[in-house]
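For our numbering, add 174 to where a residue sits in the sequence shown, where the first one is 1. Just so it is clear, CB atoms sit at the ideal spot from N, CA and C, and this is done for glycine as well. From a predicted model like this one, the values you see are computed outputs, not experimental measurements. Heads up: the structure comes next, in structure tokens.
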Amino acid sequence: MGAGIAQVLAQADCQVVLFDVQERATAAGLERIGAMLAKAVAKGKASTEDADAARARICPGQDLATACDGVDLVVEAVPEILELKCSLLAQAEAAAPAHALLASNTSSLSIDALAASLNDPSRFLGLHFFNPVPVMKLLEIVVGAATAEERVQVARQLAQRLHKDGIVVRDTPGFASSRLGLAIGLEAMRMVEQGVASPEDIDTAMIRGYGFPMGPLKLTDLVGLDVRLGIAEYLASTLGPRFEPPSLLREMVAQGKLGKKSGEGFYHWET
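Structure representation (structure tokens):
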């Protein structure tokens, strides 16, 4: 997700610093961006000159403090672990200029809970991008109790600059998109578990019958089964048992079948 967010910002003429505590992860992100831009050129969606210029706007960060120095926007996209996100956001707040907008790409965690780690929560909100970021047109702007209205307007303007549809939602478990999307995804998993149909046929039903651009099980593979499990556990604890993860999901995660990133989930992927 971090690489995708960096790419769309660079394509919108922003100078971007991509940083991960693991240097190899930053390098892998830059490689992924290069591959995505090359694919865009091959499909005629970008010129070679524009792709090269976008890639040149992205540089690797050496450390978090340096990466946040002088920026207008910080977007964290670390795993869905509350303590980890809180720690990173607190460090980013200390390093970034006072005017900078701080944002989390969380797909389910409470914005207010994350904001509790900050000295100035008025500058913080959720910017929930969707995978793959360069393709998906939705940007969910999640507003916390302390988020300043002017920060929301900045986020709306950013969505327009990125050519995405920005929707504004109140901080609530699962927001709007994750709550609805996960409900469909979990039910699709239960159908596989019960032998109702194959993953391919369930996905085809949603694509051909309901106009989904991608089936819920293939989407789960792209998001990561471990990520979806974590979100389901969180929503089950806050919204009730209707979000309880199916046994199949827990078993697949325990077996290391995490989706595209591991090479196997509901589908087989080339890694």
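Exercise for review: Would you check if the distance between the CB atom of D285 and the CB atom of V316 is smaller than 9 Å?
Suggested key: As a first step, residue 285 is located in the sequence shown; it is residue number 111 there, counting from the start. As a first step, residue 316 is located in the sequence shown; it is residue number 142 there, counting from the start. In the sequence under discussion, the amino acid at residue 285 is Ile, which differs from the Asp named in the question. Their beta carbons are under 9 Å apart, which means I285 touches V316 by this criterion.
Check your understanding: How would you write the range of the alpha helix (DSSP H) that P373 sits in, first residue to last?
Key -> Position 199 of the sequence shown holds residue 373. Taken as a continuous stretch (DSSP letters only), the alpha helix (DSSP H) holding P373 covers P373 to Y384.
Point to revise | Per-residue DSSP class, three states only, for F298 | key: Here the question's residue 298 lines up with position 124 in the sequence shown. Three-state result, F298: strand.
Exercise for review: Just mark V190 as buried or exposed, buried being the case when its beta carbon has 16 or more other beta carbons within 10 Å.
Suggested key: Along the sequence shown, one-based indexing puts residue 190 at 16. Burial call: buried.
Review point. Among I179, V326 and S296, which has the Cα closest to the Cα of F304?
Key: Your numbering for residue 304 matches position 130 in the sequence shown. Of the candidates I179, V326 and S296, the one whose C-alpha sits nearest the C-alpha of F304 is I179.
Point to revise | C-alpha distance - L399 paired with Q368, whole-angstrom precision | key: To locate residue 399, count along the sequence shown from 1; it is residue 225. To locate residue 368, count along the sequence shown from 1; it is residue 194. So the two alpha carbons sit approximately 18 Å from each other.
Check your understanding: Is it the case that the Cβ atoms of I232 and A266 are separated by a distance below 9 Å?
Key -> The count along the sequence shown starts at 1 and reaches residue 232 at position 58. The count along the sequence shown starts at 1 and reaches residue 266 at position 92. No, the Cβ-Cβ distance between I232 and A266 is not below 9 Å.
Check your understanding: Measuring CA to CA, which of V249, D339 and L258 is closest to L299?
Key -> Reading the sequence shown from its first residue, position 125 is the one you call residue 299. Of V249, D339 and L258, the residue nearest in Cα terms is V249.
Check your understanding: Would you report the Cα separation of R297 and V326, rounded to the nearest angstrom?
Key -> To locate residue 297, count along the sequence shown from 1; it is residue 123. To locate residue 326, count along the sequence shown from 1; it is residue 152. Their Cα atoms are separated by approximately 9 Å.
Check your understanding: P347: which of T321, R364, M310 and S281 sits nearest, CA to CA?
Key -> Counted from its first residue, the sequence shown places residue 347 at position 173. That would be S281, whose Cα lies nearest to the Cα of P347.
Point to revise | Residues near R206 in its chain [Cβ-Cβ closer than 6 Å; skip 5 each side] | key: Start at 1 with the first residue of the sequence shown, and residue 206 comes out as number 32. A177, listed in sequence order.
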